[in-house]
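Data block below; observations after.
Protein chains: 2
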Amino acid sequence: MLTIERQELILALLKEKEIVSVHHMCEETGASESTIRRDLTELENKQLIKRVHGGASLLKKKREEPTLLEKTTQHQQEKELIAKKAVTFVDDGDSIYLDAGTTTMSMIPHLADKSVVVVTNGIPHVQLLIEYGIETYVIGGKAKKGTAALIGTKAVEAIGEYRFDKCFLGINGIHMSRGFTTPDPEEANVKQAALRNSQSCFVLADPTKFGEVSFANVANIDQAAIITTEGISTEQFEKIAKLTTLEVIPQ
Amino acid sequence: MLTIERQELILALLKEKEIVSVHHMCEETGASESTIRRDLTELENKQLIKRVHGGASLLKKKREEPTLLEKTTQHQQEKELIAKKAVTFVDDGDSIYLDAGTTTMSMIPHLADKSVVVVTNGIPHVQLLIEYGIETYVIGGKAKKGTAALIGTKAVEAIGEYRFDKCFLGINGIHMSRGFTTPDPEEANVKQAALRNSQSCFVLADPTKFGEVSFANVANIDQAAIITTEGISTEQFEKIAKLTTLEVIPQ
DNA sequence: ATTTATTGATTGAATATGATTGACTTTGGT
DNA sequence: ACCAAAGTCAATCATATTCAATCAATAAAT
Chain A
0 MLTIERQELI
10 LALLKEKEIV
20 SVHHMCEETG
30 ASESTIRRDL
40 TELENKQLIK
50 RVHGGASLLK
60 KKREEPTLLE
70 KTTQHQQEKE
80 LIAKKAVTFV
90 DDGDSIYLDA
100 GTTTMSMIPH
110 LADKSVVVVT
120 NGIPHVQLLI
130 EYGIETYVIG
140 GKAKKGTAAL
150 IGTKAVEAIG
160 EYRFDKCFLG
170 INGIHMSRGF
180 TTPDPEEANV
190 KQAALRNSQS
200 CFVLADPTKF
210 GEVSFANVAN
220 IDQAAIITTE
230 GISTEQFEKI
240 AKLTTLEVIP
250 Q
Chain B
0 MLTIERQELI
10 LALLKEKEIV
20 SVHHMCEETG
30 ASESTIRRDL
40 TELENKQLIK
50 RVHGGASLLK
60 KKREEPTLLE
70 KTTQHQQEKE
80 LIAKKAVTFV
90 DDGDSIYLDA
100 GTTTMSMIPH
110 LADKSVVVVT
120 NGIPHVQLLI
130 EYGIETYVIG
140 GKAKKGTAAL
150 IGTKAVEAIG
160 EYRFDKCFLG
170 INGIHMSRGF
180 TTPDPEEANV
190 KQAALRNSQS
200 CFVLADPTKF
210 GEVSFANVAN
220 IDQAAIITTE
230 GISTEQFEKI
240 AKLTTLEVIP
250 Q
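Just so you know, the sequences run in chain order A and B.
Counting from 0, one number per residue, gives the positions in the first sequence under numbering that gives the first Met the number 0.
Counting from 0, one number per residue, gives the positions in the second sequence under numbering that gives the first Met the number 0.
Here is the structure:
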């Protein structure tokens with residue numbers, strides 16, 4: 000058996016079982032302990048596995064980011080619902096803007112079977128978009144600490160060079176009179192630019208964002224449709240529904 | 000049996016089984032080891048297969064586990080050495096351009112304790128740069144499938160809006176007369192733009208890249224300093240060292 | 001007839017392998 | 001806590017396999 004085959008086999012074994020003993024690897028591959036150990040040191044150097052006494056375990060790979068989406072907290076499930084709903088507004092052939100943020104990121108897997116062109120300022124989004132084979136453009140700009148969202152004048156200018164059929168934004172505050180708000184003024188500028196250059200705009204927000212007012216103003220309440228889940232008070236619903244489209248997803 | 004026939008057969012064998020040994024190929028084709036090896040070198044040059052010790056494996060497709068291994072398989076430690084050396088050329092306060100690619104990515108952890116501003120077209124780079132608290136700007140552009148490198152006219156234009164003290168590029172081919180080359184013309188354009196806007200330029204390449212010529216031209220050999228590890232033949236070293244700076248790291 | 005291409009055999013070098021050794025780690029009993 | 005036995009480890013060695021380079025023989029083309 001070839002070296003590379005054996006190493007692939009070891010990785011395969013580890014994928015099935017979290018920890019595999021050297022002895023078991025010997026049996027499966029028919030190789031001697033020495034050889035297996037050598038393979039393990041190699042695979043460890045390549046940062047693919049972690050050695051433990053008596054065997055090895057799979058190192059969690061950076062590639063397996065998708066688990067990030069699969070987190071099963073209540074919050075994540077809500078985001079997933081909102082994202083799914085948002086994608087129903089997307090048509091084949093659309094050019095869309097995806098704002099940075101986890102909610103918009105959840106849209107990506109559902110976008111896979113539509114033929115769309117996506118522009119985004121979210122770095123984590125790009126990797127996921129590529130993985131799902133979606134044609135992706137990235138605006139330029141300064142990468143913000145923490146979220147790696149692209150912001151700044153360069154980002155705003157770059158957005159100006161595109162026209163979108165639809166844009167999808169995350170937001171921190173939704174308020175009747177103060178409109179949409181977000182903590183970072185630089186991010187607000189980027190969101191505004193996206194709104195300016197898009198035919199129709201959607202804001203994705205869980206119910207906790209309603210009634211909140213954040214530092215930087217993004218837009219008036221009637222400048223974007225809102226997609227959210229149940230939990231918003233009926234009186235608030237009534238008022239806002241008069242000003243803009245408000246999609247509420249039943250839980 | 001004709002050469003073509005035999006090579007087709009080899010490819011067919013590889014399609015059935017991800018990895019095939021030289022020995023098995025001999026049996027199937029009736030040819031000698033020498034002949035099979037010659038075929039393999041040819042097929043490897045045509046980028047159809049990848050050789051491994053004792054046999055060959057199919058390149059392309061199967062975006063599963065193999066690629067992960069393949070990617071990290073070669074020269075991981077070498078890349079680390081090259082990256083480390085490259086960082087020694089970086090001064091505090093520099094504005095630098097980091098080309099997409101795994102070698103330049105290895106530079107990032109070592110950049111952490113310098114105060115630099117980094118511009119890059121590599122999406123995976125951005126996350127890492129942010130993690131290490133480095134001030135990061137991203138050029139815009141189209142995200143290339145597979146590597147997520149940013150390319151296209153927008154990328155080239157965006158680079159034009161910056162001036163770098165130093166730029167660090169990965170490269171596929173280094174050839175005395177043909178200079179630096181890379182498979183993707185669009186990536187070549189981006190690299191050229193980086194070279195144009197940088198005071199001093201460094202190419203990071205392992206020794207296997209020397210003597211190679213890839214499809215798209217990037218620059219002449221004297222337009223960038225080269226950082227590599229031992230393994231390059233002394234005669235090649237002599238010749239190239241006359242044309243440009245050539246840093247060779249002892250193993 | 002001469003050149004060119006293809007092939008198989010041979011070579012020393014590079015690489016991979018299995019067994020052995022002594023040091024280290026874990027386990028289980030006192 | 002201690003010790004001893006069993007298991008596991010890295011390092012080393014000799015062997016076996018695989019490699020690229022070279023050579024000579026044969027077949028095809030000029």
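For each residue, glycine too, the CB sits at the ideal point set by N, CA and C.
Item, Value
"Helix, strand or coil at Leu-68 of chain A [DSSP, three-state]", "Caution is warranted here: a pLDDT of 42 is assigned to Leu-68 of chain A, below 50, making its placement in the model unreliable, and no coordinate value can be reported."
"Extent of the continuous alpha helix (DSSP H) run through Leu-168 of chain A", "Segment 163 to 169 is the beta strand (DSSP E) holding Leu-168 of chain A; no alpha helix (DSSP H) there."
"Coarse secondary structure for Val-86 of chain A, derived from DSSP in three states", "helix"
"Length at least 4, wholly inside the stretch 73 to 141 of chain B: the alpha helix (DSSP H) runs in chain order", "75 to 86, 101 to 110, 122 to 130"
"Residue nearest to Asn-216 of chain B in terms of C-alpha spacing, selected from B:Ile-248, B:Val-247, B:Met-175, B:Ala-240", "B:Met-175"
"Outcome for Asp-90 of chain A when other beta-carbon atoms lying within 10 angstroms are tallied against a minimum of 16", "exposed"
"Anticipated Cβ contact below 8 Å, Thr-28 of chain B with Leu-8 of chain B, distance rounded", "6 Å"
"Glu-43 of chain A to Arg-50 of chain B span [Cα, whole Å]", "22 Å"
"Beta carbon of Thr-120 of chain B nearer than 8 Å to that of Phe-163 of chain B", "A small fix is needed here, since residue 120 of chain B is Asn in this sequence, not Thr. Taking 8 Å as the Cβ cut-off, Asn-120 of chain B and Phe-163 of chain B do not qualify as a contacting pair."
"Burial state of Glu-79 of chain A, where buried means 16 or more other Cβ atoms lie within 10 Å", "buried"
"Nearest-angstrom beta carbon gap, Leu-127 of chain A and Ile-255 of chain A [assumed within contact, 8 Å]", "Only positions 0 to 250 of chain A appear in this structure, which leaves residue 255 of chain A out of reach."
"Three-state class that DSSP yields for Arg-62 of chain A in the structure shown", "Residue confidence is low: Arg-62 of chain A scores 38 on pLDDT, short of 50, so the model does not pin down where it sits. No coordinate-derived value is stated."
"Outcome for Ile-81 of chain A when other beta-carbon atoms lying within 10 angstroms are tallied against a minimum of 16", "buried"
"Ala-85 of chain A beta carbon less than 8 Å from that of Phe-201 of chain A", "yes"
"Endpoints, the alpha helix (DSSP H) within which Phe-236 of chain A is located", "233 to 242"
"Neighbour flag for Val-137 of chain A against chain B, beta carbons, 8 Å", "yes"
"Close-in-space but distant-in-sequence residues of the same chain around Leu-13 of chain A (CB under 6 Å, 5 per side omitted)", "Val-19, Leu-57"
"Contact with chain B by Gln-126 of chain A, beta-carbon distance below 8 Å", "yes"
"Rounded straight-line distance, which links the Cα of Ile-226 of chain B to that of Lys-113 of chain B", "20 Å"
"Inter-residue Cα distance where the pair is Gly-172 of chain B and Leu-242 of chain B", "16 Å"
"C-beta atoms of Ala-154 of chain B and Ile-138 of chain B nearer than 8 Å", "yes"
"Span separating the alpha-carbon of Gln-46 of chain A from that of Ala-55 of chain A", "12 Å"
"Boundaries of the alpha helix (DSSP H) in which His-22 of chain B is found, first to last residue", "21 to 28"
"Between the CA atoms of Cys-166 of chain A and Leu-194 of chain A - distance to the nearest angstrom", "7 Å"
"Beta-carbon proximity list for Ala-218 of chain A, same chain, < 6 Å, skipping 5 on both sides", "Gly-178, Phe-179, Leu-194"
"Start-to-end residues for the alpha helix (DSSP H) that takes in Ser-33 of chain A", "32 to 44"
"Short CB-CB distance (under 8 Å) between Lys-190 of chain A and chain B", "no"
"Status (buried if at least 16 other CB within 10 Å, exposed otherwise) for Leu-39 of chain B", "buried"
"Proximity test, Cβ basis, 8 Å: Gly-54 of chain B and chain A", "yes"
"Element boundaries [alpha helix (DSSP H), containing Ala-218 of chain A]", "Run containing Ala-218 of chain A: none in the alpha helix (DSSP H); it sits in the beta strand (DSSP E), 215 to 218."
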